[in-house]
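To start, the structure itself, in structure tokens.
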Amino acid sequence: MDFSAHRPNVKITPSNGHLTRSNGHLTHSNGRRVGSPIPFNKHIVQHHYGHNKERNQLVRSDFLEARTAQKSEVEEAEAMQRAYEKMLKEQEDQDAFLAQQLQEKILQEELERQKKIEEEDQRIALELQRKEKLRLQRKREEREMRQTEKARAGLSGASNSSSVKSMEDGCA
Numbered sequence: 001m002d003f004s005a006h007r008p009n010v011k012i013t014p015s016n017g018h019l020t021r022s023n024g025h026l027t028h029s030n031g032r033r034v035g036s037p038i039p040f041n042k043h044i045v046q047h048h049y050g051h052n053k054e055r056n057q058l059v060r061s062d063f064l065e066a067r068t069a070q071k072s073e074v075e076e077a078e079a080m081q082r083a084y085e086k087m088l089k090e091q092e093d094q095d096a097f098l099a100q101q102l103q104e105k106i107l108q109e110e111l112e113r114q115k116k117i118e119e120e121d122q123r124i125a126l127e128l129q130r131k132e133k134l135r136l137q138r139k140r141e142e143r144e145m146r147q148t149e150k151a152r153a154g155l156s157g158a159s160n161s162s163s164v165k166s167m168e169d170g171c172a
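Next comes the structure, spelled out in structure tokens:
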């Protein structure tokens with residue numbers, strides 16, 4: 001941009017003639033006005049600030065859009081984080097519930113196993129008691145038989161000895 005155009009009554013020499021600035025207008029050496037009837041300085045200022053206004057408006061608009069987009073992204077990320085944490089909490093709760101159920105099942109199975117062992121031990125103890133009772137009964141019966149046989153032997157020995165004695169008495 002040529003800054004000499006901002007000063008009044010400055011001559012500018014284009015390649016095809018001379019331009020003179022007077023009263024805010026550019027005038028060609030042939031006397032014809034060049035450019036718009038708006039004073040040159042005002043035209044430049046309006047163009048420059050108009051462009052700045054557009055650019056600033058665009059920047060504000062872009063900034064608001066960027067801020068809105070960022071806010072939306074942050075909210076979405078927070079929502080995703082909350083959903084993830086909720087999913088983790090639900091998974092932890094489900095794992096804890098399943099662990100509790102498994103622990104109860106294992107405990108129940110252990111109690112049933114202990115009960116079966118106790119029942120088997122009791123069955124074996126009853127069987128041993130029955131066998132011991134039978135053994136003692138046989139032993140008692142055997143003792144009674146021996147005593148009976150001894151008593152018979154003692155009786156038959158006594159009757160034999162009394163008959164032998166009476167025979168001896170009769171012979172004498």
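Sequential numbering from 1 applies to the sequence shown in full-length UniProt numbering.
Heads up, the beta-carbon is just placed ideally off N, CA and C, and yes, glycines get one too.
Inter-residue spacing [alpha-carbon to alpha-carbon] between E53 and K42: The sequence given here has Lys at residue 53, not Glu. One C-alpha to the other measures close to 16 Å.
Straight-line Cα distance separating V74 from M87: Rounded to the nearest angstrom, the gap between the Cα atoms of M87 and V74 is 20 Å.
Alpha-carbon to alpha-carbon, A153 and E141: 18 Å
Cβ-based neighbour list, K71, same chain, cut-off 8 Å, excluding 5 preceding and 5 following: none
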